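J.: As they're listed, the protein sequences go chains A and B. When we follow my numbering, the leftmost residue of the first sequence carries the number 44, and every step to the right adds one. When we follow my numbering, the leftmost residue of the second sequence carries the number 44, and every step to the right adds one.
Protein chains: 2
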Amino acid sequence: MTPDEFRSSGYALIDWIAEYLENVERFPVASQVQPGDVRASLPAHPPAAAEPFSAMLSDLDELVMPGITHWQHPSFFAYFPANISYPSILGELAAAGLGVQGMSWVTSPACTEVETLMMDWMQELLGLPERFRSTSSTGGGVIHGSASEAALTSILAARWRATGGAINVTGDTTKLVAYATSQAHSSVEKGLRLAGIGTSQLRTVPHGDAFAMKADELARLVAADRAAGLTPFWVCATAGTTSSLAFDPIARIGAIAQRDSLWLHVDAAMSGIAALAPECRWVNDGVESADSFSTNPHKWMGVNFDCTLFYIADRAALLGALSILPEYLRSAAAESGAAIDYRDWQVPLGRRFRALKLWFTIRAGGVDDAIAMIRRHIALTQDLAAWVATDNRFEIVAPHPLNLLCVRLIAGDTATDELISAANNSGKALFTRTVLDGKVACRISIGGRLTDTTHVEAAWRLLQSLAAGG
Amino acid sequence: MTPDEFRSSGYALIDWIAEYLENVERFPVASQVQPGDVRASLPAHPPAAAEPFSAMLSDLDELVMPGITHWQHPSFFAYFPANISYPSILGELAAAGLGVQGMSWVTSPACTEVETLMMDWMQELLGLPERFRSTSSTGGGVIHGSASEAALTSILAARWRATGGAINVTGDTTKLVAYATSQAHSSVEKGLRLAGIGTSQLRTVPHGDAFAMKADELARLVAADRAAGLTPFWVCATAGTTSSLAFDPIARIGAIAQRDSLWLHVDAAMSGIAALAPECRWVNDGVESADSFSTNPHKWMGVNFDCTLFYIADRAALLGALSILPEYLRSAAAESGAAIDYRDWQVPLGRRFRALKLWFTIRAGGVDDAIAMIRRHIALTQDLAAWVATDNRFEIVAPHPLNLLCVRLIAGDTATDELISAANNSGKALFTRTVLDGKVACRISIGGRLTDTTHVEAAWRLLQSLAAGG
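1. Is residue 132 (chain B) near residue 352 (chain B), with beta carbons less than 8 Å apart?
2. Please compile the residues from chain A whose C-beta is within a distance smaller than 8 Å of the C-beta of residue 90 (chain B).
3. Let's test the definition: count the other Cβ atoms within 10 Å of the Cβ of residue 327 (chain A) and tell me whether it reaches 16, buried, or not, exposed.
4. Three or more C-beta pairs under 8 Å: does that hold for the stretch 310-326 of chain A against the stretch 383-391 of chain A?
5. Figure out for me which residue from A:179, A:167, A:183 and A:128 has the closest Cα to the Cα of residue 155 (chain A).
6. Go through its chain and collect everything with a Cβ distance to residue 44 (chain B)'s Cβ below 8 Å, but skip five positions before and after it.
7. Can you check DSSP and say which residues form a bridge with residue 281 (chain A)?
8. Suppose the cutoff is 8 Å on Cβ atoms and the five residues either side in sequence are ignored; what does the same chain contact list for residue 161 (chain A) look like?
9. Can you give me the C-alpha to C-alpha distance between residue 284 (chain A) and residue 312 (chain A), rounded to a whole angstrom?
10. Assign residue 69 (chain B) to buried or exposed, taking buried as 16 or more other Cβ atoms, counted over all protein chains shown, within 10 Å of its Cβ.
11. What does the Cβ neighbour count give for residue 429 (chain B), buried or exposed, with the cut at 16 atoms within 10 Å?
12. Return the residue from the list B:365, B:252 and B:296 that minimises the CA-CA distance to residue 333 (chain B).
13. Which bits of chain A does residue 175 (chain B) rub up against, with CB to CB less than 7 Å?
14. Go ahead and label residue 443 (chain A) buried or exposed: buried means 16 or more other beta carbons lie within 10 angstroms of its beta carbon, across all protein chains shown.
15. Spell out a yes or no on whether the stretch 452-467 of chain B and the stretch 264-272 of chain B are touching, meaning 3 or more CB-CB pairs, one atom from each, closer than 8 Å.
16. Answer with buried or exposed for residue 498 (chain A), where buried requires no fewer than 16 other C-beta atoms within 10 angstroms of its C-beta.
17. Which bits of chain A does residue 275 (chain B) rub up against, with CB to CB less than 8 Å?
18. Hey, residue 152 (chain B) and residue 72 (chain A): beta-carbon distance below 8 Å or not?
19. Only counting the same chain, and skipping five residues up and downstream in sequence, which positions put a Cβ closer than 7 Å to that of residue 189 (chain A)?
20. Do residue 470 (chain A) and residue 77 (chain A) have their CB atoms nearer than 8 Å?
21. Does the beta carbon of residue 63 (chain B) sit closer than 8 Å to a beta carbon anywhere in chain A?
22. Leaving aside the five residues before and after residue 122 (chain A) along the sequence, list all residues of the same chain whose C-beta is less than 7 Å from its C-beta, in chain order.
23. Buried or exposed: where does residue 504 (chain A) fall if 16 or more other Cβ atoms within 10 Å of its Cβ makes it buried?
24. For residue 413 (chain A), tell me which candidate among A:168, A:145 and A:108 has the shortest Cα-Cα distance.
25. Can you name the start and end residues of the beta strand (DSSP E) that residue 219 (chain A) belongs to?
26. Could you tell me which residues DSSP pairs with residue 265 (chain A) in its beta bridges?
27. Over what stretch of residues does the alpha helix (DSSP H) that includes residue 129 (chain A) continue unbroken?
28. Which residues does DSSP list as the beta-bridge partners of residue 447 (chain B)?
29. CA-CA distance, residue 119 (chain A) and residue 447 (chain A)?
30. Would you mind telling me which residues of chain B sit closer than 7 Å to residue 347 (chain A), beta carbon to beta carbon, in chain order?
31. For residue 252 (chain B), does the count of other Cβ atoms within 10 angstroms reach 16, so buried, or fall short, so exposed?
32. Could you tell me which chain B residues have their CB closer than 8 Å to the CB of residue 451 (chain A), listed as they occur along the chain?
33. Using the three-state DSSP reduction, which class does residue 233 (chain A) fall into: helix, strand or coil?
34. Could you pull the DSSP bridge partners for residue 67 (chain A) from this structure?
35. Can you pull the chain B residues whose beta carbon is under 8 Å from the beta carbon of residue 107 (chain A), in chain order?
36. Taking the alpha-carbon of residue 57 (chain A) as reference, which of B:495, B:136 and B:373 has the nearest alpha-carbon?
Structure representation (structure tokens):
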């Protein structure tokens, strides 16, 4: 592809994206294909000759689109918000065009320094503790690829601290014990497992009616483990659980963590971005006591996946856990302490210039856009809750302070399952099923960039009509 | 940003990228800034009002560019090849515009199925074993974010197999022992550490003059560990080490691994892509015996980082190690076995539509382009080696079958260090320092998309002139 072909193909693709995003409602929300359909429509073997870019664009339309579930569709109520935005797409494009590696400061200083600045901007915008700033004496922040990686990294730093660094030599994790509720994200169990903390070392702390951790139960479990000669080392408090957006009592958990020398990780992947809006800053309650914290601009701020903010109060534990320095990665800048080498703040070595998409989004007015969007989503959720309350076939099964409403049919699990399937198969909206304290529920996550009252009304009418006819 | 603003800004950014990549030689290769310079040039706090995209483009030129080390510069001889290409950039852009999550098949079937097909295309293009194909009875492939993640995933699958799955419950890694040479990539020690295999459980297998593993030493170490009641479980063989592009004897290592029930991971991150060229297919020698294998289209095939191919012969071990299934991630398609959920093939949960950049690159003629580029780089390396041999101030310190030449000054470490510093500070070229068997060496990695004989000649003249004057 020549530079001129890149220009013309690039313009065409820019147009294609704008056209797609502005008209995404013409598609069914969920892909209707069966397993194997997309592959069967594509050549089994690589092409023998080069093809023009127009062939790829045309295949995107005809062969790929049928296999896309449209996360940007305004009637996408599944999983979690994953809204993107135009400035963020341009940030991804700029990063791809520069093609630099940000593994070390010296491999492209701007890649590191813009990222550090963005982490400080976000600390300020979200009202997070000062000790998470890069300018604090011990803390700092980094962009990770996902909240899963942030949870894992937190576990690794905690493991290092709890063993005084011995873990790096002995690999002995057998005394370590971690704590979370059953409502914590699956990445908690996965991260612990990867780090050599098996399920027998993970205590499921009971939760209350609102699906939030019972702090006194945590204290009781920690005391029992200590008494048994084990080493409680890590607790995850979730600010907005995946199933129902429950908020663990972070301050109370933090007090226990501090007293008992546990590392407190706050997983605010889903809802932490709400703190952009002053009236939602309560989502940060208690976070002053966290050793680490993560939240996702790629969920509710219009920044393309992948962009997880990971903050840490004690970067020494992070570096102790993750730093490895072969000769070919040494640099005077890093060894002087003047520069950050982010490879030691994450699991992989290589890193893209992800800060650009955050920088572009913020500068293009993305913070005000996100605040307006967050307020709209919360208001729509409360409207929907009011409508649901008027239909006695339905019940609301969890608190809904933000943008997620969990409902079920009074008729029971089977009826609720059938309702979700029928709604999803309609192509008109998409929901996710979950199970809360043994009962099937339909999660209605209101988080699309273009989601407005018409879409929520239509979704509710759809559920009502299917509940009647189903 | 309105759709029309996105269009005009997008066109401008496409132009900016083409202009940048075609004129990248006008920049010094390495950034000349000092730590803190880039940050100091940017606003300390987020902007109060939205800015036009032209302001961001202008800041890219004026504030970011001075902090960029130009990995796409044809005189970039540092680290490893990291060439990108126009079709790949467009693939990244298309993925950003679609904004889908590929964590499960059901969350966007095309994202999974195009990826699976690309892994099969690459198996075919690289001449890798059939058992790595998705269509084989037990194997398959996935795109990872980095070879570090591939190594870690391999360790986790091996750990699961060696413990019969008990690791997921007990977290007990204390008997496990792993093997690699000192020349293996730092991600090997890092991956092991993360997985709870400390340095006391990692045996450094001696290497020979050519920096390749001595297989008989591996056999000896494994036998000793078995005799001591330990559980040898994983060995890494490298096809193209980072320091000197050494090739471990994979077939011999594989025979030992098979006999002693070790998992053999082949790390071909640096050089595996050479197998696109038939005359270089020897890089795959012995790979039939590998349990897992990784190589990086983002190094030597013009595909943007991140794109690591990770193949595995026994996907059951992978799923055993990594699968966790909360209610909100269940799907009928996956439970029927008809669909792949790639979240269980990797460390994080979320995933971008990375297959698009590989698909676009291959379809735009990227395989022939890569073969021509690989041949050019190898020929240039051999030319350079011939020139170096005529200058008795220099010596070549390692075999150079592909595109990396390691040289040093006969005058010693200090002189070689000074030479590397002076050359890098000139801005005219960029090299990486390494240490091979205790001796400082200058790595000359010839891997740029635009690197041609003029650049290699100029680099050699630069080194010669600085060696004379230094």
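Don't be surprised by glycine CBs; every beta carbon is placed ideally from N, CA and C. Since the structure is predicted, the reported quantities are computational estimates derived from the model, not experimental observations.
T.: Reading off the structure:
1. no
2. 405 and 406
3. buried
4. no
5. A:183
6. 52 and 96
7. A:310
8. 186, 398, 401, 402 and 405
9. 9 Å
10. exposed
11. exposed
12. B:296
13. Here the premise fails: no neighbours, minimum Cβ distance about 16 Å.
14. buried
15. no
16. buried
17. What residue 275 (chain B) touches in chain A: nothing, since even the nearest Cβ is about 14 Å away.
18. no
19. 349 and 351
20. no
21. yes
22. 475 and 488
23. exposed
24. A:168
25. 219-223
26. BP columns for residue 265 (chain A) are empty, so no partner.
27. 129-141
28. B:488
29. 12 Å
30. 139 and 142
31. exposed
32. Under the 8 Å cutoff, chain B gives no residues; its nearest Cβ is about 13 Å from residue 451 (chain A).
33. helix
34. Residue 67 (chain A) is not bridged to any residue.
35. 153 and 157
36. B:136
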